[in-house]
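>
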Amino acid sequence: MDKSTIIGILTGVFLLGFSLLQGAGWQMFFSLPSFFIVIGGTVAATLVNFPLSDVIGVMKIAQKTMTHTPMSQKSIIESIVQISKKARTNGLLAIEQDLHTLDDEFFKTCLQHVINGTEPEDLRNIMETELAVMTQRHKIGQKIFMGMGTYAPAFGMVGTLIGLIKMLQDLQDPAGIGPGMALAMVTTFYGALFANLFFLPMAGKLKQRSEEEILYKELVLNGVMSVQAEESPRIIKNKLITYIAPKLRTDTGNSGNQE
Amino acid sequence: MDKSTIIGILTGVFLLGFSLLQGAGWQMFFSLPSFFIVIGGTVAATLVNFPLSDVIGVMKIAQKTMTHTPMSQKSIIESIVQISKKARTNGLLAIEQDLHTLDDEFFKTCLQHVINGTEPEDLRNIMETELAVMTQRHKIGQKIFMGMGTYAPAFGMVGTLIGLIKMLQDLQDPAGIGPGMALAMVTTFYGALFANLFFLPMAGKLKQRSEEEILYKELVLNGVMSVQAEESPRIIKNKLITYIAPKLRTDTGNSGNQE
Amino acid sequence: MDKSTIIGILTGVFLLGFSLLQGAGWQMFFSLPSFFIVIGGTVAATLVNFPLSDVIGVMKIAQKTMTHTPMSQKSIIESIVQISKKARTNGLLAIEQDLHTLDDEFFKTCLQHVINGTEPEDLRNIMETELAVMTQRHKIGQKIFMGMGTYAPAFGMVGTLIGLIKMLQDLQDPAGIGPGMALAMVTTFYGALFANLFFLPMAGKLKQRSEEEILYKELVLNGVMSVQAEESPRIIKNKLITYIAPKLRTDTGNSGNQE
Amino acid sequence: MDKSTIIGILTGVFLLGFSLLQGAGWQMFFSLPSFFIVIGGTVAATLVNFPLSDVIGVMKIAQKTMTHTPMSQKSIIESIVQISKKARTNGLLAIEQDLHTLDDEFFKTCLQHVINGTEPEDLRNIMETELAVMTQRHKIGQKIFMGMGTYAPAFGMVGTLIGLIKMLQDLQDPAGIGPGMALAMVTTFYGALFANLFFLPMAGKLKQRSEEEILYKELVLNGVMSVQAEESPRIIKNKLITYIAPKLRTDTGNSGNQE
Amino acid sequence: MDKSTIIGILTGVFLLGFSLLQGAGWQMFFSLPSFFIVIGGTVAATLVNFPLSDVIGVMKIAQKTMTHTPMSQKSIIESIVQISKKARTNGLLAIEQDLHTLDDEFFKTCLQHVINGTEPEDLRNIMETELAVMTQRHKIGQKIFMGMGTYAPAFGMVGTLIGLIKMLQDLQDPAGIGPGMALAMVTTFYGALFANLFFLPMAGKLKQRSEEEILYKELVLNGVMSVQAEESPRIIKNKLITYIAPKLRTDTGNSGNQE
């Protein structure tokens, strides 16, 4: 469960709600036509920009982002080191029985290739293509949110222009100018709010997650290739530990050095 | 047929049309002079920026984008695996008779090179040059739409400045100020609308398509080179399947593992 | 002669001229002080930004862009294939007599190196340095126009600020406010117009040309290196044809296959 | 202690404070609701954009930036040269006793690997992974400040829109228009100020520090690898001195040449 | 002496001064408080963004830029060719006596390495590290001016907001509105002017200079390495001449061909 996404959105909504409800005139901020222009225009532009299936899939991605559990690099390093010890004493085929106990699909696939006797070069090529293609897939989600974050303020401005043009045609009633402008500005407000509280930060978080996952998978791939090369568990640990921030290394590091 | 482009444009037009037609004053949004300044200025700047033939070709590209059928990666992998089996049992020359049954030009050209006995290195060099040159050609379409998406709001602003400068010279009739400003703003409205509902999203979709096509052609090239190297069909399948998103792999994957 | 640059500028000027001349008040759009602030400021900033000789040379580049004839990739491929045939039958030295019939300087230099017996590696190094240095030279032209396209709107805004600050100091005559603001806005209008109808699109066209020329020269260099390696004319043709868009290949392609 | 960060912030606050306090009306600049919208919205968007732990860690990073002591490249080169002399005369294992006198963790780790007999290639791979992972970690801090520098003005505008929409609904009291607009503008003021005096410059300083640190660590890694290769101290010095700006080289340079 | 920087700044100042002094009201453009907010704020943000020593050094860089003499590529090629002739006839050690006649530090260092018998690979590594580190040093100057060019308009806007907020609080005297707004706008004017006439163009010129210098040093390094490899002076000339624009080659080229 990714707490920060939910905390962030709730904090933002709460703060702005509080600020809107202070004093009179909060009703004007809830305008269905303004909402339809901003969200409708944004969705329309997004559909022109991206394939239908990807746009539909983006809500699933957003949901997945919020319920995401970060991967523990320490425990995966522990697993790899355990497996490398087993492989050194009992041979590579002895790993097979451990496969069923692993959760991580990428780790499993890599080990399966090792057991099947895939050549190291082929293994690296196959898994690096997999990583490259995965990165490109991840980028579509980022790009869709980034696109929505660009189109939302634009359609906010389009809606404000529509409101202003209508209002300016009939200035005979001076009392109508203020509320007319206020109504026109609500779409700009919606565009800025949706873009900066949801679309752009979501694009940023997807990017962050994708970089994290790639680093994690590179760690796994390098680890499995070291296992295949039958390097000593101590050296494997030394290599893989460089993927962890220094301040997080200590507890793992001790056991590693004692070995 | 690319549904999302058409759905997107129709949704956008419908939503904005609905919003314009609410209440009085919709006539002002249909201003032929404003239309000519925005579209004329955009086309003029685009002609200065790009070669004539490319600008003329861009409408064809836009049309092609809307009637585009996405390529199926699964079926091409199946074809490559079938051909690799044939080549392993009957020799590379036996592929020749299959050439006529293939739709894909790039796939055909690669196979023809294999049958002609082009060296693997030469084949890779030739086809990678082809890919690089194709990418550069694709980029012209993207750049033209991107350029139009930049020039349209600029000429929208130029038109608004023309309207404002004319209006400001004669402020003696206060009743004329409102409609004058409204008229001036229509070009900004046009510029923002055309850029964000059509030009920029079209540039985005062309980019998306281009990346898809390059990934697809890399898959084909890698597959054909594996056929040439007479690798086992099972290994070829394992290699190529990394180009497909994991969740789409299953049905193909089963048959692959059973082999 | 590059028609699109001239057509583009004329279309833009015509359209805007027509739009300015409609109704009264067109005189205000021709303001010499506004012109001097925008163009003078842009030129001043450009001189601070770039070396004097490059800024002076940029007008020559602009002129050259308009009178530019695109290079025919088909005919150069034909030339290379003819020369390769001659070299295969009569030896590399037999090419020397053809040198005088060639227009293209880059092609000539490459062939001269081949005749002089420059080693393939040296030839590639020398000509690739030439290409890299040429690209950097081309970029100065692009950067100058791009810089002017950035400075022009900025000085347009500076001029408008000057106008507004002067006008706002003396608001006692309400009749003067409108014309004062109109006059102030003319510099913004100039800045936006010059940037979007001339400077930015010219930068774009120079970039386009430069990419075209580099692709063309890479084709020539690869072709000449194949001639030097005494590859078969058919293979050379197959290699070089990848530089041409598929739809343009057919007529050349036929003769190539018949060979 | 990094003086420039503190001097910069104090100078900015002092200058603006002085400018605000001139004349009447300074009270309006201290608006708690405006502060909450800008900072609250910025923090909310940042939490959606980045993992919770990284956002919490960013204050620590900001503090660390201010108390940072720059590393001396000259003294580290001296150390490396001393160690290389010792290693040449007494063997690589003789370095071990110097390990405890070193402050720099990265230097220590590199030397420990040399003493442990890690192969040069492995040493380079391990330490370059460490550098790459460190760079990615550093970038999160930069990205968070950069994100805050983007969100702060956006929420400043959102706050101003809220203020304007509320004010415009009730224009009956003309005396309230001015103060209403002033109040609305304060959030824009906050957004621009926080972004340009704190968030964006801090992102820049973190980037600067990170580049400095990477250069420093590359120097150390290259130096240690030269020690491992048992190159002559004079050559090592010549190599490493290229990392220092020429004008700073002289004093070190003399001793180096006399050797 | 770099004339264009000085001509540019003088032209800009003259043009704007002329435009300000036309008509009444020029006194308002000289506002010390506005000047302090824009320059003070810009310097403050720059100090937060960059190390103190680099910010202090930037004025020296600006001065150096104005008194800079461009390097002549032709004469350095002549020198290298002369030295290569001497080295071919009298051996590499004979170059030593020429060292004292050379002005260029980088050229001297390269030759000194050749005389000292540094291996070609080591020479390339050392000098390329030197170039890479020099490029990074150069970039700090560019980044500081670029940063100032970004912060100046931002603090211009901050100053204008301060002015407007103060003015809007007290609208009872309508006669004060105009001058109040004018005063507020002066900071925006300063910010736009300093950024576009000085900071941004200076950043551009430093970038230009840096690219020029790197190209020049690559020429020198390649030339010296050819001398070390004892290539023929004619081939060295042919190689190095590719660094010069074709139209500038002729005079040197003739003597080169006659050789």
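Residue numbers (this note's numbering), protein chains in the order written: chain A, 34 to 292; chain B, 34 to 292; chain C, 34 to 292; chain D, 34 to 292; chain E, 34 to 292.
Each residue gets a CB set at the ideal place from its N, CA and C atoms; glycine is no exception.
Which of helix, strand or coil does DSSP assign to Gln175/C?
The answer is helix: DSSP assigns Gln175/C an H, G or I state.
> Consult DSSP for Ile277/A and reduce its assignment to one of helix, strand or coil.
Looking at Ile277/A - three-state DSSP - the assignment turns out to be coil, as it is neither helix nor strand.
> For my contact list, Ala77/E and Gly45/D are in at a C-beta cut-off of 8 Å; report their separation, rounded to the angstrom.
Correct: roughly 3 Å between the Cβ atoms.
> Should Ile42/E go down as buried or exposed, given a rule of 16 or more other Cβ atoms within 10 Å for buried?
By the neighbour-count rule (16 or more Cβ atoms within 10 Å), Ile42/E is buried.
> Got a sec: is the Cβ-Cβ distance from Glu161/D to anything in chain E below 8 Å?
False, the Cβ-Cβ gap to chain E never drops below 8 Å.
> List the residues of chain G that Gln169/E touches, going by C-beta distances under 8 Å, in chain order.
Structure shown: chain G not included; protein chains present are A, B, C, D and E.
> Which residues, in chain order, does the segment 108-140 of chain C contribute to contact with chain E at a C-beta distance below 8 Å?
Within the segment 108-140 of chain C, the residues whose Cβ lies closer than 8 Å to some Cβ of chain E are Glu138, listed in chain order.
> Contact criterion: CB-CB distance below 8 Å. Does Lys199/B meet it with respect to chain C?
So, interface residue.
> Compare the C-beta of Phe69/A against all C-beta atoms of chain D and say whether one is closer than 8 Å.
No - not a single Cβ of chain D is within 8 Å of the one on Phe69/A.
> Looking at C-beta atoms only, is the number of pairs between the segment 173-180 of chain C and the segment 153-165 of chain B that lie closer than 8 Å three or more?
Contact between the segment 173-180 of chain C and the segment 153-165 of chain B is absent, because fewer than three Cβ pairs lie under 8 Å.
> If we cut at 8 Å on Cβ distances, does Ala187/D have a partner in chain E?
Closer than 8 Å: no.
> Between the alpha carbons of Lys272/D and Phe232/E, how many angstroms are there, rounded?
Lys272/D and Phe232/E: Cα-Cα distance of roughly 36 Å.
> If you draw a straight line from the alpha carbon of Ser243/A to that of Gly237/A, how long is it in whole angstroms?
The alpha-carbon atoms of Ser243/A and Gly237/A are separated by roughly 10 Å.
> Could you give the C-beta distance for Leu194/D and Thr221/A, rounded to a whole number, given that I count them as a contact under 8 Å?
Yes, Leu194/D and Thr221/A are in contact; Cβ-Cβ is about 6 Å, under 8 Å.
> Whose CA, out of Pro84/C, Lys119/C, Thr75/C and Thr79/C, lies closest to the CA of Lys36/E?
The residue with the shortest Cα to Cα distance from Lys36/E is Pro84/C.
> Using the three-state DSSP reduction, which class does Thr151/D fall into: helix, strand or coil?
Three-state DSSP puts Thr151/D in coil, outside helix and strand.
> Once DSSP output is grouped into helix, strand and coil, what is the label at Gly256/B?
Note: Gly256/B maps to helix in three-state DSSP.
> At 9 Å on the CB atoms, spell out the chain B contacts of Ala215/C, in chain order.
Result: Leu197, Ile198, Lys199, Met200, Leu201 and Gln202.
> Run through DSSP, which three-state label would Phe47/C get?
Helix at Phe47/C.
> Could you compute how far the alpha carbon of Lys97/A sits from the alpha carbon of Ile40/A?
C-alpha separation (whole angstroms): 16 Å.
> Tell me, to the nearest whole angstrom, how far the beta carbon of Ile269/C is from that of Gly256/C; I am working on the premise that it is less than 8 Å.
Rounded, the Cβ-Cβ distance is 6 Å, consistent with contact.
> Judging by CA-CA distance, which residue of Leu201/A, Ile89/A, Ala225/A and Ala215/A is the nearest neighbour of Ile210/B?
Of the listed residues, the one whose Cα sits closest to Ile210/B is Leu201/A.
> In chain order, what residues of the segment 172-186 of chain D put their CB closer than 7 Å to some CB of chain A?
Going along the segment 172-186 of chain D in chain order, one finds Gly180 and Tyr184 with a Cβ nearer than 7 Å to chain A.
> In the DSSP assignment, find the alpha helix (DSSP H) that holds Thr122/A and state where it starts and stops.
Taken as a continuous stretch (DSSP letters only), the alpha helix (DSSP H) holding Thr122/A covers Gln106 to Asn123.
> Below 8 Å between beta carbons: does that hold for Gly74/E and Tyr184/E?
Yes. Within cutoff.
> Throw me the rounded Cβ distance for the Ser67/A and Gly192/A pair, which I believe falls under 8 Å.
Sure, about 6 Å apart at Cβ, within 8 Å.
> Beta-carbon of Leu48/A versus every beta-carbon of chain D: anything under 8 Å?
Closer than 8 Å to some Cβ of chain D, the Cβ of Leu48/A qualifies, so yes.
> Name the two residues that bound the continuous alpha helix (DSSP H) containing Asn82/D.
Looking at the DSSP string, the run of the alpha helix (DSSP H) that includes Asn82/D is Gly74 to Asn82.
> If we ignore side chains and look at the alpha-carbon of each, how far apart do Ser288/C and Met258/C end up?
With a pLDDT of only 37 at Ser288/C, under the threshold of 50, the placement of this residue in the model should not be trusted, and no figure is reported.
> Going straight from the alpha carbon of Gly58/D to that of Lys199/E, what length do you get?
Each residue's alpha carbon lies about 6 Å from the other.
> For the putative contact between Lys118/A and Leu132/A, defined by C-beta atoms under 8 Å, what is the C-beta separation to the nearest angstrom?
Rounded, the Cβ-Cβ distance is 16 Å, inconsistent with contact.
> Show which residues of chain C have a CB atom less than 7 Å away from the CB atom of Val147/B.
Within 7 Å Cβ-Cβ: nothing; Val147/B doesn't reach chain C, min ~13 Å.
> Taking only beta-carbon positions, decide if Gln106/C is within less than 8 Å of chain B.
So, not an interface residue.
> Tell me which residues share the same chain as Lys250/C and place their Cβ nearer than 7 Å to its Cβ, disregarding the 5 neighbours each side in the sequence.
So the qualifying residues of the chain are Phe139 and Leu164.
> Is Thr100/A helix, strand or coil when you go by DSSP?
Thr100/A falls in the coil class under three-state DSSP.
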